[in-house]
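Residues 1 to 445 (full-length UniProt numbering) make up the sequence shown, in order. One structure below.
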Amino acid sequence: MADKLWQKDYSLDQRIADFTVGRDRELDLELAPFDILGSLAHVTMLEEVGLIDSAAARRCQAKLRELYLTANNGEFVIEDGVEDVHSQVELLLTRELGDDGKKIHSGRSRNDQVLVDLRLYFRYRIQGIVEQTAELSRTLTDLSEEHRYKLIPGYTHLQVAMVSSFGLWFGAYGEALIDDLRLWLAAYDTVDQNPLGSAAGYGSSFPLDRDRTTELLGFREPVVNVVAAQMGRGKTELTVAFAIAGLAQTLGKMAMDVCLYSSQNFGFLQLPDDLTTGSSIMPHKKNPDVFELLRGRCNLLQSLPAQISQLTTNLPSGYHRDFQLLKEAIFPALDQLEDGLAIALYALPRTRVHAQELPTDPRYTYLYSVEAVNNLVLEGVPFRDAYQRVGKDIEAGTFVPPTDLKHTHLGSLGNPGNERIAAKREAVMASFDFERGRRAAEALL
Numbered sequence: 001m002a003d004k005l006w007q008k009d010y011s012l013d014q015r016i017a018d019f020t021v022g023r024d025r026e027l028d029l030e031l032a033p034f035d036i037l038g039s040l041a042h043v044t045m046l047e048e049v050g051l052i053d054s055a056a057a058r059r060c061q062a063k064l065r066e067l068y069l070t071a072n073n074g075e076f077v078i079e080d081g082v083e084d085v086h087s088q089v090e091l092l093l094t095r096e097l098g099d100d101g102k103k104i105h106s107g108r109s110r111n112d113q114v115l116v117d118l119r120l121y122f123r124y125r126i127q128g129i130v131e132q133t134a135e136l137s138r139t140l141t142d143l144s145e146e147h148r149y150k151l152i153p154g155y156t157h158l159q160v161a162m163v164s165s166f167g168l169w170f171g172a173y174g175e176a177l178i179d180d181l182r183l184w185l186a187a188y189d190t191v192d193q194n195p196l197g198s199a200a201g202y203g204s205s206f207p208l209d210r211d212r213t214t215e216l217l218g219f220r221e222p223v224v225n226v227v228a229a230q231m232g233r234g235k236t237e238l239t240v241a242f243a244i245a246g247l248a249q250t251l252g253k254m255a256m257d258v259c260l261y262s263s264q265n266f267g268f269l270q271l272p273d274d275l276t277t278g279s280s281i282m283p284h285k286k287n288p289d290v291f292e293l294l295r296g297r298c299n300l301l302q303s304l305p306a307q308i309s310q311l312t313t314n315l316p317s318g319y320h321r322d323f324q325l326l327k328e329a330i331f332p333a334l335d336q337l338e339d340g341l342a343i344a345l346y347a348l349p350r351t352r353v354h355a356q357e358l359p360t361d362p363r364y365t366y367l368y369s370v371e372a373v374n375n376l377v378l379e380g381v382p383f384r385d386a387y388q389r390v391g392k393d394i395e396a397g398t399f400v401p402p403t404d405l406k407h408t409h410l411g412s413l414g415n416p417g418n419e420r421i422a423a424k425r426e427a428v429m430a431s432f433d434f435e436r437g438r439r440a441a442e443a444l445l
């Protein structure tokens, strides 16, 4: 068998071959288990519509299940000279099964093979990221409850503003991650559609049962129009990239806060020594490098949608080889995001919290100015008059901070509403139907 699925009776210039393959052979190893699942579903459907006889289908299925175990264990190899994972799988089937192995490409193209591989792969990666994100949100909500009464100053424009707390700070990021989960839900809904059977983007004259492969692979529904299925290449990656960027924005902002709050001029947080790095000349330094690198990586990840959009922005409908480069952008980004979530989950619970003596620290006297205004309003003074009166006391140096805080409304200092945040998070998590894909894969295998 030729080592390229499109090979005919001429040889390709080796320099052209190397350039066009690029990093495909390396990155396709991540797609191997999903390529094999797609082939299992396709072969099963081909048998059911009468395009492969039962004996040939059984032999192909047995070999594909064997190959899946190899791929799932990280032992799958794309041989030298073989172009991609699709070619390698078919080569291995044909070596062992002869003509039976050559039959599995009936009714499909490398175009819809890679489309289904990517959607199965993204579905798997999204599940891991979503579960990590939910766990980080739970951790932050727990930390909010643990430290809800420990006060810190709140800032606007990096100027002292109003009294805040670690309960509000931790809880804010715990809730912000729920919005990121909603972005991932939109990405998951986009990914969870079956493109298999669209072939090169224009369908097939074979009587394929696309609803059957949708069921076998555990997709929610098919991409109905075959041209739309091919047009999903690039759009799918862009949707996932927006979810990556949204989550990276939250993580990056939190990392910046940790870097700021752990500096001596703030002193709100303290990383344990074994989570910090030192200086080659300053013996006292204990640097928050882990959060600085998390911040930097998240900043880079926020540029991912622009990169993918630029790569695909002027392409008409149909397949173009430019799409191959999408993997080089988005696969490492998924890895970096998962690493960032894991390090945040590891480091944040180990970070020490230092409540501030706000009323007695002259730097924070004016944190209580709004409390003074509100107290006058409660006594019957119109708000604008109360605001002017307190402002004059501050200018005259006669302001005395009222330290009895009475924040009771939902989401405020005295009532952070963590139970409501937890309920919101779990409702979003219940919208992800990860079990459908897992059950389908188990049935195929």
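No residue lacks a Cβ here, since even glycine has one placed at the ideal position from N, Cα and C. Only a predicted model underlies this, so the values are computations on that prediction, with no experimental measurement involved.
- Under 7 Å between the Cβ atoms of GLN230 and TYR155? No, they are not a contact pair.
- Query: Would you call the region 297 to 312 and the region 248 to 263 touching, i.e. three or more CB-CB distances under 8 Å?
  - Reply: The count of Cβ pairs closer than 8 Å, one atom from the region 297 to 312 and one from the region 248 to 263, reaches three, so the stretches are in contact.
- Query: Where does THR250 fall in DSSP's three states?
  - Reply: DSSP places THR250 in helix when its eight states are reduced to three.
- Task: Could you work out which residue in LEU367, TYR149, ALA41 is closest to ARG212 when comparing CA atoms only?
- Result: Checked all of LEU367, TYR149, ALA41; the closest Cα to ARG212 is ALA41.
- Cβ neighbours of CYS259 in the same chain (closer than 8 Å, five flanking residues each side left out): PRO288, PHE291, GLU292, ARG295.
- For VAL370, the nearest candidate out of VAL390, ARG321, SER54 (CA to CA): It is VAL390.
- Query: Taking the alpha carbon of LEU185 as the point to measure from, which residue in PHE122, LEU151, VAL163, LEU208 has its own alpha carbon closest?
  - Reply: Checked all of PHE122, LEU151, VAL163, LEU208; the closest Cα to LEU185 is PHE122.
- Task: Return the residue from the list SER106, GLY267, GLU215, HIS157 that minimises the CA-CA distance to PHE166.
- Result: In this structure, GLY267 is the residue among SER106, GLY267, GLU215, HIS157 with its C-alpha nearest to the C-alpha of PHE166.
- Could you round the C-beta distance between GLU90 and ILE104 to whole angstroms and report it? I think they count as a contact, below 8 Å. Between ILE104 and GLU90 the Cβ distance is about 7 Å, and since that is below 8 Å, they are a contact.
- Is ARG295 close to chain D, meaning its C-beta is less than 7 Å from at least one C-beta of that chain? Going by chain labels, chain D is absent from the structure shown, which holds only one protein chain.
- Message: Taking the alpha-carbon of ARG125 as reference, which of ARG438, ALA443, LEU445 has the nearest alpha-carbon?
- Response: Comparing Cα-Cα distances from ARG125 to each of ARG438, ALA443, LEU445, the minimum goes to ARG438.
- Task: Note down, one range per segment and in chain order, each alpha helix (DSSP H) of at least 4 residues found wholly within the region 259 to 327.
- Result: Restricted to the region 259 to 327, the alpha helix (DSSP H) segments that are unbroken, complete and at least 4 residues in length are 289 to 301, 304 to 312, listed in chain order.
- Message: In whole angstroms, give me the CA-to-CA distance for ALA55 and LYS102.
- Response: If I take the Cα positions, the gap works out to 14 Å.
- Along the chain, where does the beta strand (DSSP E) that runs through SER165 open and close? Per DSSP, the continuous beta strand (DSSP E) segment holding SER165 begins and ends at 159 to 165.
- Three-way DSSP call (helix, strand, coil) for THR44 in this model: DSSP places THR44 within a helical segment (H, G or I) once states are collapsed to three.
- Item | Residue from ALA172, GLN388, LEU158, CYS60 whose Cα sits closest to the Cα of HIS147 | When only C-alpha atoms are compared, the closest one is ALA172.
- Query: When the distance is taken between beta carbons, is ALA245 closer than 7 Å to PRO332?
  - Reply: No, the Cβ-Cβ distance between PRO332 and ALA245 is not below 7 Å.
- Nearest CA to the CA of ALA440: which residue from LEU120, ASP274, ASP112, SER87? The shortest C-alpha separation from ALA440 is found at LEU120.
- PRO33 classed as buried or exposed, judged by whether at least 16 other C-beta atoms fall within 10 angstroms: Classification for PRO33: buried.
- Item | Assigned secondary structure, VAL89 (DSSP; H/G/I helix, E/B strand, else coil) | Correct three-state label for VAL89: helix.
- Task: Could you check if HIS284 is buried or exposed, using at least 16 other CB atoms within 10 Å of its CB as the buried criterion?
- Result: It counts as exposed.
- Could you pull out every residue in the same chain whose Cβ sits closer than 6 Å to the Cβ of TRP6, ignoring the five residues on either side in sequence? Because the pLDDT of TRP6 is 44, which lies under 50, any placement of that residue in the model is unreliable, and the question is left without a value.
- Message: Beta-carbon within less than 6 Å of ALA372's beta-carbon, same chain only, minus the 5 sequence neighbours each way: which residues are those?
- Response: Closer than 6 Å at Cβ, skipping near neighbours: VAL390, PRO402.
- Item | Alpha-carbon to alpha-carbon, LEU271 and PRO349 | Whole-angstrom Cα-Cα distance: 10 Å.
- How long is the line joining the alpha carbons of ALA427 and GLY128, rounded to whole angstroms? Straight-line Cα distance between these residues: approximately 18 Å.
- Task: Just the C-alpha distance for THR139 and GLU435, rounded to the nearest angstrom, thanks.
- Result: Looking at the backbone, the Cα of THR139 and that of GLU435 are separated by about 24 Å.
- Message: Suppose the cutoff is 6 Å on Cβ atoms and the five residues either side in sequence are ignored; what does the same chain contact list for GLY107 look like?
- Response: Closer than 6 Å at Cβ, skipping near neighbours: SER204, PHE206, LEU208.
- Task: Hey, could you find the ends of the beta strand (DSSP E) GLY391 is sitting in?
- Result: Segment 383 to 396 is the alpha helix (DSSP H) holding GLY391; no beta strand (DSSP E) there.
- Query: Comparing alpha-carbon positions, which option in THR360, GLY50, ILE330 lies nearest LYS235?
  - Reply: For the options THR360, GLY50, ILE330, the alpha carbon positioned closest to that of LYS235 is the one of ILE330.
- Is the beta carbon of SER109 sitting closer than 7 Å to the one on ALA200? Yes, the Cβ-Cβ distance between SER109 and ALA200 is below 7 Å.
- Task: Under 7 Å Cβ to Cβ from GLY417, same chain only, skipping five residues before and after it: list those, please.
- Result: Cβ-Cβ distances below 7 Å link GLY417 to LEU410, GLY411 in the same chain, with the five nearest sequence neighbours on each side left out; the list follows chain order.
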